[in-house]
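A.B. asks:
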Amino acid sequence: MGRSSEGYLPQARGIVDFTYFSAWVSENRFCIGQEKVEEKSNEITAIPKLLDSLDISDAVVSIDAIGTQTKIAEKIVEQGGHYFLSVKRNQQSLLDDMEHAFKVNKGTVFTDEIESNHGRIETRQCSMLPAKDYLLEENIQAWKQVATLIKYRRTEK
Numbered sequence: 001m002g003r004s005s006e007g008y009l010p011q012a013r014g015i016v017d018f019t020y021f022s023a024w025v026s027e028n029r030f031c032i033g034q035e036k037v038e039e040k041s042n043e044i045t046a047i048p049k050l051l052d053s054l055d056i057s058d059a060v061v062s063i064d065a066i067g068t069q070t071k072i073a074e075k076i077v078e079q080g081g082h083y084f085l086s087v088k089r090n091q092q093s094l095l096d097d098m099e100h101a102f103k104v105n106k107g108t109v110f111t112d113e114i115e116s117n118h119g120r121i122e123t124r125q126c127s128m129l130p131a132k133d134y135l136l137e138e139n140i141q142a143w144k145q146v147a148t149l150i151k152y153r154r155t156e157k
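Going by the UniProt record's numbering, 16 is the number at position 16 of the sequence shown; the sequence numbering is gapless.
And the structure:
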């Protein structure tokens, strides 16, 4: 989830700002749903409406940091789905907890790949830890069925 688009309507004789939040199936490169983001609103209010229109049972829903909200995670789980959410400063307590977890334990590194891309070397490293062993109880309770913490780092040389 998370592709948004804005548009231009010629009959409006100028740019009309409208944004849609979309559900995207990566394997098929196909949009399976859209929800209009209302004026004076943002994606956080559109995401639950979009989720209501989809069958996400047994699906993994990934959303960028703006959608990393406890109510959205709970909604995904209640609809039988699983979530993969990006954590940034908008969830400071969870971010601090995760950063501390990876300071005390590197985790299991399950991907470490180097590739040459456009004349530069890119290194990707992904580590994971079991959430129940490292998160504070308040975060385990707040994030319904949180299972794994993942740290992804990409560097270029």
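Ideal Cβ placement from N, Cα and C applies to all residues, glycine included.
#1: Can you pull the DSSP bridge partners for S127?
#2: Using the beta-carbon count (16 or more within 10 Å), is D64 buried or exposed?
#3: Suppose the cutoff is 7 Å on Cβ atoms and the five residues either side in sequence are ignored; what does the same chain contact list for R89 look like?
#4: In three-state DSSP terms, what is G67?
#5: Going by the DSSP bridge assignment, what does G33 pair with across the sheet?
#6: With T68 and Q91 assumed to form a contact (beta carbons below 8 Å), what rounded beta-carbon distance in angstroms separates them?
#7: Can you list, in chain order, the residues of its chain with a C-beta nearer than 7 Å to that of D55? Leave out the 5 residues immediately preceding and following it.
#8: Looking only at its own chain, which residues have a Cβ that is under 6 Å from the Cβ of N139, when we skip the five neighbours before and after it?
#9: Whether or not the region 71-79 and the region 43-63 are in contact is what I'm after, with contact meaning three or more pairs of Cβ atoms, one per stretch, closer than 8 Å; do they touch?
#10: Can you give me the C-alpha to C-alpha distance between A131 and E99, rounded to a whole angstrom?
#11: From what residue to what residue does the alpha helix (DSSP H) around H100 run?
#12: In chain order, what residues of the same chain lie with their CB nearer than 8 Å to the CB of S4, ignoring the 5 residues before and after it?
#13: Give the single residue among H82, K40, L135 whose Cα lies nearest to the Cα of L51.
#14: By DSSP, does R3 sit in helix, in strand, or in coil?
#15: Output the distance between the C-alpha atoms of Q141 and F110, rounded to the nearest integer angstrom.
C.D. replies: Working from what's here:
#1: In the DSSP output, where bridge partners are listed per residue, S127 has V109, K151.
#2: So D64 counts as exposed.
#3: Non-local beta-carbon contacts of R89 in its own chain, meaning distances under 7 Å to residues more than five positions away in sequence, involve L95 in chain order.
#4: In the three-state reduction of the DSSP assignment, G67 falls in the helix class.
#5: In the DSSP assignment, the residues bridged to G33 are A23.
#6: Yes, they are in contact, since the Cβ atoms of T68 and Q91 sit about 5 Å apart, within 8 Å.
#7: Take D55, set aside five residues on each side of it, and no residue of its chain has a beta-carbon closer than 7 Å to its own.
#8: Here N139 has L94, D97 as same chain residues with Cβ atoms under 6 Å from its own Cβ, once five neighbours each way along the sequence are excluded.
#9: With the cut-off at 8 Å, the region 43-63 and the region 71-79 touch.
#10: The straight-line gap from Cα to Cα measures roughly 12 Å.
#11: In the DSSP assignment, H100 falls within the alpha helix (DSSP H) that extends over 92-104.
#12: The predicted position of S4 is uncertain, since its pLDDT is 48 and thus under 50; no value can be drawn from it.
#13: Per the Cα distances, H82.
#14: Its pLDDT being 48, under 50, R3 is placed unreliably by the model, and the measurement read from it follows with that caveat. Here R3 sits in strand by DSSP.
#15: Approximately 27 Å between the Cα atoms of the pair.
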